[in-house]
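Q:
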Amino acid sequence: MMLIKQIRDRINNINGNIGIYYKDIRSGYSCYEGNSDLFAAAGIAKLFLSIEVFKQLEEEIINKDTKYVLKNSDKAPSIGAILNLHEGIELTIEDLYKMMVSVGDNSAFNILSNIVGIDKINKTLSDMGLITSRIRRLFFDQESIDRGIENHSSVREIGDIFERLYYGQIISNKASQEMINLFMLQQRNYIIPYYFNEYTPISHQLGEDEGIIHDAGIIFSKNPFILCMSADNVDVRKVESAMRDIALMCMKNSNKFN
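Shown next as structure tokens:
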């Protein structure tokens, strides 16, 4: 009860939509605080796409060594490495999903979404029992944006995904572990990992856009826990600070269960 009060007090003065989910894995204690569980997904959609990529890899529909020849029309603005690569360069499926997660490459997200199929991503999410989390458009698809089509996520559903990954329950134990390892490659470490030392493994996915910020994952501290945080229609810099503080609060709370 102390933790949820601390979280509530920390986000009390934040204008906009925010949701915080915490679960201590060993004790089973969990809590949720905030005023929303539905958010514009931004880069957290890369978590949903990753599930479908690894599902199709497991089913041998795609192969991680298959090469994709980059076209200039594939290049999406904003963050990532592909924007700076030359047309005609060959990238493997593995290259694409590693760049998508590690440096948040938006072009890789769009390319992989087209390869595996948005309809198949959403069917897999539905089959998993997820109701809110969906991908409905590519990044920077201005026509869809103008029509009000948005990707959405749920903080509680993201927490469920990471818990299933922890227990090896998404696709297979092997695929779940590979996905955990993939999200440990995340290089944008300025929210959840901010107060943790470099020896604490953290498997997480960050997402951001104008007025939107997400960070969610598994913190493999001495007493592991799951933390999922989302906000939209907010002052992102202000919320980033609050999220760092909340991650520290959760770490201190998890230590009580040692």
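Just so you know, we're using the numbering used here here: the sequence shown kicks off at 1433 and counts up by one.
Where is the CB? At the ideal position from N, CA and C, for every residue including glycine.
1) Taking 8 Å as the threshold, find out whether the stretch 1625-1634 comes into contact with the stretch 1444-1455 through three or more Cβ pairs.
2) Once the 5 residues before and after residue 1603 are set aside, which same chain residues still bring their CB inside 6 Å of it?
3) Report yes if the C-beta distance between residue 1457 and residue 1439 is below 8 Å; otherwise report no.
4) If we ignore side chains and look at the alpha-carbon of each, how far apart do residue 1661 and residue 1539 end up?
5) Which residues does DSSP list as the beta-bridge partners of residue 1449?
6) For the beta strand (DSSP E) containing residue 1501, name the first residue and the last one.
7) DSSP three-state call for residue 1474: helix, strand or coil?
8) Tell me the DSSP secondary structure of residue 1653 in three-state form.
9) Only counting runs of 3 or more residues, tell me where the beta strand (DSSP E) segments fall wholly within the stretch 1486-1537, in order along the chain.
10) In terms of alpha-carbon separation, which member of 1648, 1619, 1653 lies closest to residue 1633?
11) Hey, how far is the Cα of residue 1480 from the Cα of residue 1564?
12) If you check the beta carbons only, do residue 1476 and residue 1643 fall under 8 Å apart?
13) Residue 1484: which of 1501, 1462, 1560, 1687 sits nearest, CA to CA?
14) With a CB to CB cut of under 7 Å and the five nearest residues on each side skipped, what residues in its chain are close to residue 1496?
15) Using 8 Å as the threshold, is the C-beta distance between residue 1513 and residue 1532 below it?
16) Output the boundary residues of the beta strand (DSSP E) element that contains residue 1462.
17) Using the three-state DSSP reduction, which class does residue 1608 fall into: helix, strand or coil?
18) Keeping to the same chain, check which residues put their C-beta closer than 8 Å to that of residue 1467; ignore five residues upstream and five downstream.
A: In terms of the structure at hand:
1) Counting C-beta pairs closer than 8 Å gives fewer than three between the stretch 1625-1634 and the stretch 1444-1455, which falls short of the contact rule.
2) Walking along the sequence shown from the start, residue 1603 turns up at place 171. Excluding residues within five positions, the ones whose Cβ falls inside 6 Å are 1486, 1487, 1490.
3) Your numbering for residue 1457 matches position 25 in the sequence shown. Your numbering for residue 1439 matches position 7 in the sequence shown. In this structure, residue 1457 lies away from residue 1439, with their beta-carbon atoms at least 8 Å apart.
4) Translated into the one-based positions of the sequence shown, residue 1661 becomes position 229. Translated into the one-based positions of the sequence shown, residue 1539 becomes position 107. Distance between the alpha carbons of residue 1661 and residue 1539 is about 24 Å.
5) Indexing the sequence shown from 1 puts residue 1449 at position 17. Answer by DSSP bridge pairing, in chain order: 1664.
6) Indexing the sequence shown from 1 puts residue 1501 at position 69. Residue 1501 -> beta strand (DSSP E) spans 1499-1501.
7) Taking the sequence shown and counting its residues from 1, the one referred to as residue 1474 is at position 42. DSSP, reduced to helix, strand and coil, places residue 1474 within a helical segment of the structure shown.
8) On the sequence shown, position 221 is the one that residue 1653 refers to. Of the three classes helix, strand and coil, the one that applies to residue 1653 here is coil, per DSSP.
9) DSSP assignment within the stretch 1486-1537 yields the following whole beta strand (DSSP E) runs of 3 residues or more, N-terminal first: 1499-1501, 1522-1524.
10) Position 201 of the sequence shown, counting from 1, holds the residue named residue 1633. Comparing Cα-Cα distances from residue 1633 to each of 1648, 1619, 1653, the minimum goes to 1653.
11) As a position in the sequence shown, residue 1480 is number 48, starting the count at 1. As a position in the sequence shown, residue 1564 is number 132, starting the count at 1. The alpha-carbon atoms of residue 1480 and residue 1564 are separated by roughly 12 Å.
12) Counted from its first residue, the sequence shown places residue 1476 at position 44. Counted from its first residue, the sequence shown places residue 1643 at position 211. Taking 8 Å as the Cβ cut-off, residue 1476 and residue 1643 do not qualify as a contacting pair.
13) On the sequence shown, residue 1484 is found 52 positions in, with the first residue counted as 1. Closest by alpha carbon: 1560.
14) Along the sequence shown, one-based indexing puts residue 1496 at 64. These residues qualify, in order along the chain: 1489, 1524, 1525, 1526.
15) Residue mapping note: residue 1513 aligns to position 81 of the sequence shown, counting from 1. Residue mapping note: residue 1532 aligns to position 100 of the sequence shown, counting from 1. No, Cβ-Cβ distance for residue 1513 and residue 1532 is not below 8 Å.
16) Position 30 of the sequence shown, counted from the first residue, corresponds to residue 1462. Note, residue 1462: beta strand (DSSP E), 1462-1466.
17) On the sequence shown, residue 1608 is found 176 positions in, with the first residue counted as 1. Three-state DSSP puts residue 1608 in a helix.
18) In the sequence shown, counting from the first residue as 1, residue 1467 sits at position 35. Hits under 8 Å: 1449, 1450, 1451.
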